[in-house]
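Residue numbers for the sequence shown follow this note's numbering, so the first one is 38 and each next one is one higher. Backbone N, C-alpha and C define an ideal beta-carbon position, used for all residues, glycine too. First up is the structure itself, then whatever we jot down about it.
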Amino acid sequence: MVLKGNAIVGQSGGPTAAINATLSGVIRGALENENIETIFGMYHGIEGILNDSFCNLTEMFDDESKLVTLEKTPAAALGSCRKKLPSLTDMSDSDKAVYEKVFDFFKKHSIRYFFYIGGNDSMDTVAKLSAYSKTVDYEMRIMGVPKTIDNDVMGTDHTPGYGSAAKYIAASVSEMLRDCAVYTVKAVTIIEIMGRDAGWLTAAAALTRATGFEPDLIYLPERVFNYDEFFSDVRACLEKHPNVVVCVSEGIRLADGRYVGEGTQSGVADAFGHKYLSGTGKALELAVKEEIGCKVRSVELNILQRCASHIASLTDITESVAVGRAAVENAVNGVSGRMMTFVRTSNEPYNCVPRYEDIDKIANMVRTVPDSFINERGNGITDEGVKYLLPLIEGESYPEYKNGLPVHISLK
């Protein structure tokens, strides 16, 4: 059934270097489709609808050059949020009022298409809105469009945003390996990389294998971290050469479930119950200093992993635009309550195509690094893992420069 009306798009969760490319894809798809009159953008995700804060993207993007600049602008141009909608089970009057407010907004502005760009928690919002829409007399098409640097969304070969973050990590680790190798004094450098429950980002450090130079040790949350084994691994590496480089996920845990960096963390959690993590590298730095006694330092890559658009993967940017555009095409064709995905049809040559999956099979789940990608000792990445990852970082998407700095666009 053809559904004519307006569309709205929002961004949620942690930003990426490619989330605006996906936004551009959604805008492009809407502008190209005769069934969508106007596409609006909600500021700060679902909070924009609840606060009546939005903009007219049809008017803002009146020429191609603006969309190209948007695709190469880091962070979430519309702003983001970590708003958790109420459970649909045993709703209180105040809970129901939240959903009524959202759908009153849709009706007021003739919005028939809702696109939400986000990760695991954002898909929870898509799932809830999709389920609630079936209880009201107002036809909607509600679609989730994935993004996350963590690459931990279920149902897809990989997630838009991951390739660019992986490229930044691999390039930065490659540069640090060169820097660390210039001295003969025994030293250990520990690089802390983002990743709470899944080690995809830290695994990207192994991509430097293509240069013939890689980290000595890599530890992911998929394996229990053992201090005794860690010290043994470090000592063995120091016997081979003086400068040891270790890459660790921020979310590595001990056998009792405690985070390695728990003693250095605030304990503060977000709306979805996730603790804010940091300090794992520092905890290991202090442990090595005490146990081994050599020179040691820790480096935390932090948010640079998600906002370094100057070194974005062309594959990532191109696919992000494509999946946003495909979300619109599928919604207009009648698809709703789904999340867009990628299906890898070939690895040599690499090729992925946009598809979609039922949102209920994806929301609030975590896709971890497969066992076959992690070596037996649990301190490195296999060749199979590197082969999977390498195509995702290929190609460069350089921004326009002015006065020596990248040109970005602002939507506020």
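Contact check for residue 283 against residue 210 fails: the beta carbons are separated by 8 Å or more. About 18 Å separates the CB atoms of residue 231 and residue 48; that is not less than 8 Å, and the two are not in contact. Between the alpha carbons of residue 229 and residue 409 lies a gap of roughly 23 Å. The criterion of a C-beta distance shorter than 8 Å is satisfied by residue 153 and residue 163. The C-beta distance from residue 135 to residue 123 rounds to 6 Å, short enough to fall under 8 Å. Taking the CA atoms as reference points, residue 82 sits about 14 Å from residue 142. Three or more Cβ pairs closer than 8 Å define a contact, and the region 240-260 meets that threshold against the region 403-422. A distance of 8 Å or more separates the beta carbons of residue 447 and residue 55.
Remark: C-beta atoms of residue 155 and residue 378 do not approach each other more closely than 8 Å. The beta carbon of residue 132 is closer than 8 Å to those of 123, 124 in its chain, skipping five residues each way along the sequence. In this chain, residue 80 is not harboured by any alpha helix (DSSP H), its DSSP state being neither H nor E.
Residue 388 counts as exposed, since fewer than 16 other C-beta atoms from the protein chains shown sit within 10 angstroms of its C-beta.
Shortest Cα-Cα distance from residue 207 to any of 361, 233, 243 involves 243.
Around the beta carbon of residue 386, fewer than 16 other beta carbons sit within 10 angstroms, so the residue counts as exposed. Bounds of any beta strand (DSSP E) do not take in residue 172, whose DSSP letter is neither H nor E.
With fewer than 16 other CB atoms across the displayed protein chains lying within 10 angstroms of its CB, residue 278 is exposed.
If you look at residue 56, you'll find it in the alpha helix (DSSP H) that goes 56-69. In this structure, DSSP gives residue 394 an extended state, which the three-state scheme calls strand. DSSP, read as helix, strand or coil, puts residue 152 in strand.
At a cut-off of 3 residues, the continuous stretches assigned as beta strand (DSSP E) that sit fully inside the region 171-234 are 178-183, 224-230.
Straight-line measurement puts the Cα of residue 198 at about 20 Å from the Cα of residue 78. Burial check for residue 280: the Cβ neighbour count within 10 Å reaches 16 or more, so the residue is buried.
As computed with DSSP, residue 443 is found in a beta bridge with 438. Restricting attention to 139, 186, 246, 196, the CA atom closest to the CA of residue 90 is found in 139.
For residue 255, the secondary structure class from DSSP, reduced to helix, strand or coil, is strand. For residue 292, the CB contacts under 6 Å within the same chain, skipping 5 residues up- and downstream, are 261 in chain order. Distance between residue 367 and residue 394, taken at the CA atoms: about 12 Å.
Put simply, of 331, 241, 294 the residue whose alpha carbon is nearest the alpha carbon of residue 276 is 331.
Here residue 99 is exposed, its C-beta having fewer than 16 other C-beta atoms within 10 Å.
Residue 441 counts as exposed, since fewer than 16 other beta carbons sit within 10 angstroms of its beta carbon. Secondary structure note for residue 348: it is in no alpha helix (DSSP H), with a DSSP letter that is neither H nor E. Within a 10 Å sphere around the beta-carbon of residue 250 sit fewer than 16 other beta-carbons, which makes this residue exposed. Every unbroken stretch of the alpha helix (DSSP H) spanning 4 or more residues and falling wholly within the region 351-408 is given here in chain order: 351-369.
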